[in-house]
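Q: After the structure tokens below, expect a handful of questions from me.
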Amino acid sequence: MLYLYTDSWMVANALWGWLQQWEQNNWQRRGKPVSAAELWKDIAAQIKNMVVKVHHVDAHVPKSWTTEEQQNNHLLDRAAKIEVAQIDLDWQNKSELFLARWAHETSGHQGRDATYKWARDRGVDLTMDAIAQVIHDCEMCAIIQQAKRMKPLWEEGRWQKYKYGEAW
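So that you can map any letter, position 150 of the sequence shown is 150 in full-length UniProt numbering, and since no number is skipped, the others follow by simple counting.
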């Protein structure tokens, strides 16, 4: 059995019966999709075989009026704010960089424009900035660039007296 205390009327009402109605109505309410339907579907699946006792707790009441549940709710709100502050909110940029790295490596380390075209041809929308950053950080591309800057052996030192192809 799960005892759930919440200060959200939305959560309380959803668990008191709205979830079943939404599911019966194909996740629609008054002909429109339920807000955050995917999240509610996940919640419905998680609690399908559970007994859930939901209690609504009034939030933001004067300290002198608070019950034990309200004090616990306040402590949980503070803990949630600390957790949220520690969450990396840069997930969208990181996901674009992940896709850009995948496109760059899969397309064969062929450079910014080739990576952009390869991704676009496959329906992946990337920015040139993300692709450029991935290429800048790519170890394979650094090795390729270093190899391009090296002079062939026949252009330096003891090999200089030979023409290309004559040393062997």
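C-beta: ideal position from N, C-alpha, C; glycine also.
1. Look at the alpha carbon of SER8 and the alpha carbon of GLU23, and state the distance between them as a whole number of angstroms.
2. Give the secondary structure of ARG29 by DSSP, where H, G and I count as helix, E and B as strand, and everything else as coil.
3. I need the boundaries of the alpha helix (DSSP H) containing LYS53, first residue and last residue.
4. Our contact map puts LEU97 next to VAL124 with C-beta atoms below 8 Å; I'd like the distance itself, whole angstroms only.
5. According to DSSP, is LEU126 helix, strand or coil?
6. Could you tell me which residues DSSP pairs with TYR3 in its beta bridges?
7. Give a yes or no on whether the C-beta atoms belonging to LEU19 and LYS53 are separated by under 8 Å.
8. Using 8 Å as the threshold, is the C-beta distance between ALA119 and ALA142 below it?
9. Just curious, the alpha helix (DSSP H) that LYS63 is in, first and last residue?
10. Kindly give me the distance between the Cβ atoms of THR106 and ILE131, rounded to whole angstroms, as I take these residues to be in contact under 8 Å.
A: The relevant details are as follows:
1. 20 Å
2. strand
3. Per DSSP, LYS53 belongs to no alpha helix (DSSP H); it is in the beta strand (DSSP E), 52–56.
4. So it is not a contact: roughly 13 Å between Cβ atoms.
5. coil
6. LYS53
7. no
8. no
9. First-last for LYS63: undefined, no H or E at that position.
10. No, THR106 and ILE131 are not in contact; Cβ-Cβ is about 13 Å, not under 8 Å.
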